[in-house]
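For reference, the structure discussed in these notes is given below.
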Amino acid sequence: MWKRLWSLRHWGHVFRRIIPLLRSPKVPIGEKLLFFVPALVYWIMPDALPFIPLDDIAVTMLLMTWFTDRAERKYGAT
-17 MWKRLWSLRH WGHVFRRIIP LLRSPKVPIG EKLLFFVPAL VYWIMPDALP
33 FIPLDDIAVT MLLMTWFTDR AERKYGAT
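Letter by letter, the sequence shown follows residues -17 to 60 of our numbering.
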């Protein structure tokens, strides 16, 4: 898993797929909120998780990876 997170190919895929997946009518709004709500909460209140020393952008990128993997697995390529 860690090797994949350092891969430029992986991040290229994530950045190409995140917007189409968020715009897709195949992906329910509840699934989209599973990405938006944690990211928004962490951007607004980063001190809510004081024992996890991650930057805001790192949390957002990890959520992007999780969301794209989950949405593509459940709803296919859109």
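We treat Cβ as the ideally placed atom computed from N, Cα and C, and that holds for glycine.
* For MET46, count neighbouring Cβ atoms within 10 angstroms of its own Cβ and tell me buried if that reaches 16, exposed if not. => As a working mapping, residue 46 is identified with position 64 in the sequence shown. Result: buried.
* To do: If I'm right that TYR24 touches VAL(-4) with Cβ under 8 Å, what's the distance once you round it to whole angstroms?
  => Numbered from its first residue, the sequence shown carries residue 24 at position 42. Numbered from its first residue, the sequence shown carries residue -4 at position 14. Rounded, the Cβ-Cβ distance is 18 Å, inconsistent with contact.
* Asked: In terms of residues, what are the limits of the alpha helix (DSSP H) holding PRO61?
  -> Nothing about residue 61 can be read from this structure; the chain reaches only from -17 to 60.
* Cβ-based burial, ASP18 [other Cβ within 10 Å; buried from 16] -> Taking the first residue of the sequence shown as 1, we reach residue 18 at position 36. According to the sequence displayed, residue 18 carries Phe and not Asp. Per the 10 Å Cβ criterion, exposed.
* To do: Just mark ARG(-1) as buried or exposed, buried being the case when its beta carbon has 16 or more other beta carbons within 10 Å.
  => What you label residue -1 is simply residue 17 of the sequence shown in a count that begins at 1. By the 10 Å Cβ count, ARG(-1) comes out buried.
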